[in-house]
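Shown next, in structure tokens, is the structure this report addresses.
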Amino acid sequence: MRFHFKSIIHILGMLLIINSVFMLTALPFSIYFQDMQHWAILKAFAITMGAGSLAFFFTRQTERVVKKRDVYIVVTFGWILMALSATLPYLFSGAIHNLTDAFFECISGYTTTGASILKDIEAVAPSILYWRSLTQWIGGMGIIVLTVAILPLIGVGGMQLFVAEAPGISADKLRPRITDTAKRLWVIYIGLTLTETVLLRVFGMTWYDAFNHSLTTMATGGFSTKNASIAHFPNPLIQYTIIIFMFFAGTNFSMMYFGFQGQLKKVWNNDEFRAYFLSIVGLSTVFGLYVGYQLYGDIELGFRDVAFQLVSLITTTGFVSADYTSWAPFLTILCFILLFVGGSAGSTAGGIKTVRHLILAKNGWLDLKRQLHPSAVIPVRLNGKAVSGEITYTVLAFVIIFLITFVIGAMLLAMTGLDLMTAMGASATSLGNVGPGIGSVGPVDNFAWLPPMAKWICSSLMLLGRLELFTVLLLFTPFFWRGN
Numbered sequence: 001m002r003f004h005f006k007s008i009i010h011i012l013g014m015l016l017i018i019n020s021v022f023m024l025t026a027l028p029f030s031i032y033f034q035d036m037q038h039w040a041i042l043k044a045f046a047i048t049m050g051a052g053s054l055a056f057f058f059t060r061q062t063e064r065v066v067k068k069r070d071v072y073i074v075v076t077f078g079w080i081l082m083a084l085s086a087t088l089p090y091l092f093s094g095a096i097h098n099l100t101d102a103f104f105e106c107i108s109g110y111t112t113t114g115a116s117i118l119k120d121i122e123a124v125a126p127s128i129l130y131w132r133s134l135t136q137w138i139g140g141m142g143i144i145v146l147t148v149a150i151l152p153l154i155g156v157g158g159m160q161l162f163v164a165e166a167p168g169i170s171a172d173k174l175r176p177r178i179t180d181t182a183k184r185l186w187v188i189y190i191g192l193t194l195t196e197t198v199l200l201r202v203f204g205m206t207w208y209d210a211f212n213h214s215l216t217t218m219a220t221g222g223f224s225t226k227n228a229s230i231a232h233f234p235n236p237l238i239q240y241t242i243i244i245f246m247f248f249a250g251t252n253f254s255m256m257y258f259g260f261q262g263q264l265k266k267v268w269n270n271d272e273f274r275a276y277f278l279s280i281v282g283l284s285t286v287f288g289l290y291v292g293y294q295l296y297g298d299i300e301l302g303f304r305d306v307a308f309q310l311v312s313l314i315t316t317t318g319f320v321s322a323d324y325t326s327w328a329p330f331l332t333i334l335c336f337i338l339l340f341v342g343g344s345a346g347s348t349a350g351g352i353k354t355v356r357h358l359i360l361a362k363n364g365w366l367d368l369k370r371q372l373h374p375s376a377v378i379p380v381r382l383n384g385k386a387v388s389g390e391i392t393y394t395v396l397a398f399v400i401i402f403l404i405t406f407v408i409g410a411m412l413l414a415m416t417g418l419d420l421m422t423a424m425g426a427s428a429t430s431l432g433n434v435g436p437g438i439g440s441v442g443p444v445d446n447f448a449w450l451p452p453m454a455k456w457i458c459s460s461l462m463l464l465g466r467l468e469l470f471t472v473l474l475l476f477t478p479f480f481w482r483g484n
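Just so it is clear: in the sequence shown, position 360 is 360 by UniProt numbering, and no numbers are missing.
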């Protein structure tokens, strides 16, 4: 099969141009805060814009054809190029001094993982911290989805790009035209970001902190402007606000669209939303009461800390309000398990996704019935409709490959010198795009101390997890390159 490399380069060039424009938005922050980073930002912008413009210009007259195999290359290398170009503000400003650490921070941003190598976040210039938050916001919905709304202007269809990037089992279109879908997703995304910013400001944050935390909340990314993350803001109103918006960010955006239209019954009848909502409420109530009564002696604080951390882990946001590894061993194990859960499909969350767990659970339960009635045809049903065997097998394959990748990642990290607990925690949190893990990469630690090879392994796991494995892994198969 012939690859359309000129079309691929054309789209990658456009992605770099878009990234450079986002990069330039850090300049007003540098001027306002007088942090002396305007030249670093301008140099990073010029190089990124120049590289993107050259790629775009020299391929402008090529036939704009993008086939399915081309899409996988665009999505994977688009994410890598975005992360590489995003390192420039860090390197030019001196906030990070080497490519390994800068790339780790950037890929963690674009994949909305939230793992960080910065030892003193509050010492970093405000404009660079804003850029750090913005990388998560861009990656949250996906730069590819954003581009889908623009691609028709250059004659390239967007549906294939949207399906390859969009998280979940499939890309659920809210309207027949994919560009309309992308625009509506971004209207919801921007609207919720601005709403949270206003609320956080009203409840006591500065406009700067409120905006940055809103960017990373809606991205389910978890980068903070403070060393202590959300624990720096003990105000209950701030923490409850972030809990609510983390929940929104981990919800299928299609369901939010229907909810905003007043179709609440349709939202509640969605099996995945009910499972997602009830699991959060149930776990937060049971374990919140335990921590509040047994450990804190303060029911409200215990419930708030547990609810915050459980929602943060399930939605893969990664904000920290308390050290969950200090509560009790069984709660540490629970938090480790939650690294594999993930939010809803069609959200900005990472992880395996609630709908996949739901399908596997339903199929497992029905298998018990099939043991008694081997001749009966008992399909798995989701939202009242039968799920095809093909989808069930695909879900099973995804979960198996996810777990195998986690094991391989943990083994590779252990080979770099990490202890078992840390290797498992770093592999799980990187692949699930969560941020904090267990061991020496827990909620009160970061990834700065990891050896360089371990950082590259974690970076690779972040990319695999963000693009849901298959998009990247296909590039390493011989049939991808020689297929018809």
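Glycine included, C-beta positions come from ideal geometry on N, C-alpha and C.
All values reported here derive from a predicted model rather than from experimental measurement.
Just to confirm, are Ser-427 and Thr-113 a CB contact at a threshold of 8 Å? no
Is Lys-119 buried or exposed, if buried means 16 or more other CB atoms sit within 10 Å of its CB? exposed
Residue ranges of each alpha helix (DSSP H) run of no fewer than 4 residues wholly in the segment 207-259, ordered along the chain? 207-218 and 236-249
Continuous alpha helix (DSSP H) assignments of at least 4 residues falling wholly in the segment 15-49: 27-33
So, helix, strand or coil for Arg-60, using DSSP? coil
Mind checking which residues open and close the alpha helix (DSSP H) that includes Arg-482? 478-482
On the DSSP letters alone, give me the boundaries of the alpha helix (DSSP H) that Thr-392 sits inside. 389-415
Closest by CA to Met-218, which one among Arg-201, Met-141 and Trp-39? Met-141
Would you mind reading off the limits of the alpha helix (DSSP H) that contains Asn-363? 354-372
Among Leu-84, Thr-62, Gln-263 and Ala-182, nearest to Ser-347 - alpha-carbon criterion: Ala-182
Please state the DSSP three-state secondary structure of Ala-386. strand
Grouping DSSP H, G and I as helix and E and B as strand, with all else coil, what is Arg-2? coil
Could you say which of Asp-367, Phe-480 and Asn-227 lies nearest to Ser-375 if we only look at CA atoms? Asp-367
Can you find the residues in the same chain that come closer than 7 Å, C-beta to C-beta, to Gln-37, ignoring five residues on each side of it along the sequence? Ser-30, Ser-93, Ala-125, Ser-127 and Ile-128
Under 8 Å, with one C-beta from each stretch per pair, do the segment 336-354 and the segment 443-461 reach the 3-pair mark? no
Beta-carbon contacts of Asn-252 that lie in its chain and below 8 Å, excluding the five residues immediately before and after: Gly-168, Asp-172, Asn-270, Glu-272, Phe-273, Ser-344, Ala-345, Gly-346 and Ser-347
I'd like to know whether the C-beta atoms of Phe-77 and Gln-136 end up nearer to each other than 8 Å. no
Per the contact definition of three or more C-beta pairs closer than 8 Å, is the segment 370-384 in contact with the segment 458-470? no
For Ala-386, does the count of other Cβ atoms within 10 angstroms reach 16, so buried, or fall short, so exposed? exposed
Can you find the residues in the same chain that come closer than 7 Å, C-beta to C-beta, to Ala-83, ignoring five residues on each side of it along the sequence? Phe-103, Cys-106, Ile-107 and Tyr-110
In angstroms, rounded to a whole number, what distance separates the CA positions of Ile-238 and Ala-55? 45 Å
Identify which residue in Lys-43, Ile-47, Ala-210 and Gly-262 has its Cα closest to the Cα of Ile-242. Ala-210
Quickly, what does DSSP pair Arg-381 with across the bridge? List them, please. Ala-386
Three CB pairs or more closer than 8 Å across the segment 286-301 and the segment 401-411: no
Beta-carbon spacing of Leu-185, Val-145 below 8 Å: yes
Is residue 489 near Ile-121, with beta carbons less than 8 Å apart? The question about residue 489 has no answer here: the residues shown for the chain are numbered 1 through 484.
Taking only the alpha-carbon atoms, compute the straight-line gap between Leu-310 and Ile-80 and give it to the nearest angstrom. 30 Å
Is Trp-327 buried or exposed, if buried means 16 or more other CB atoms sit within 10 Å of its CB? buried
Backbone CA spacing between His-213 and Phe-479 [nearest angstrom]: 43 Å
Do you know how far the Cα of Gln-261 is from the Cα of Trp-39? 46 Å
Spatial distance of Ile-150 from Phe-245 (CA atoms): Low local confidence applies: a pLDDT of 48 at Ile-150 is under 50, so the model's placement there is unreliable, with the coordinate-based value given in what follows. The straight-line gap from Cα to Cα measures roughly 28 Å.
I need the DSSP call for Ile-154, collapsed to helix, strand or coil. Because Ile-154 sits at a pLDDT of 43, beneath the cut-off of 50, its placement in the model cannot be relied upon, and the following sentence gives the value as read from the coordinates. In the structure shown, Ile-154 sits in a helix (DSSP, three-state: H, G or I).
Give the C-beta separation of Phe-303 and Ser-312 to the nearest angstrom, bearing in mind that I take them to be a contact with Cβ-Cβ under 8 Å. In fact, because the Cβ distance is near 14 Å, the residues do not count as touching under 8 Å.
Alpha-carbon spacing of His-97 relative to Ile-117, whole angstroms: 11 Å
Mind listing, in chain order, the continuous alpha helix (DSSP H) runs of no fewer than 4 residues lying wholly within the segment 94-151? 99-110, 126-141 and 143-148
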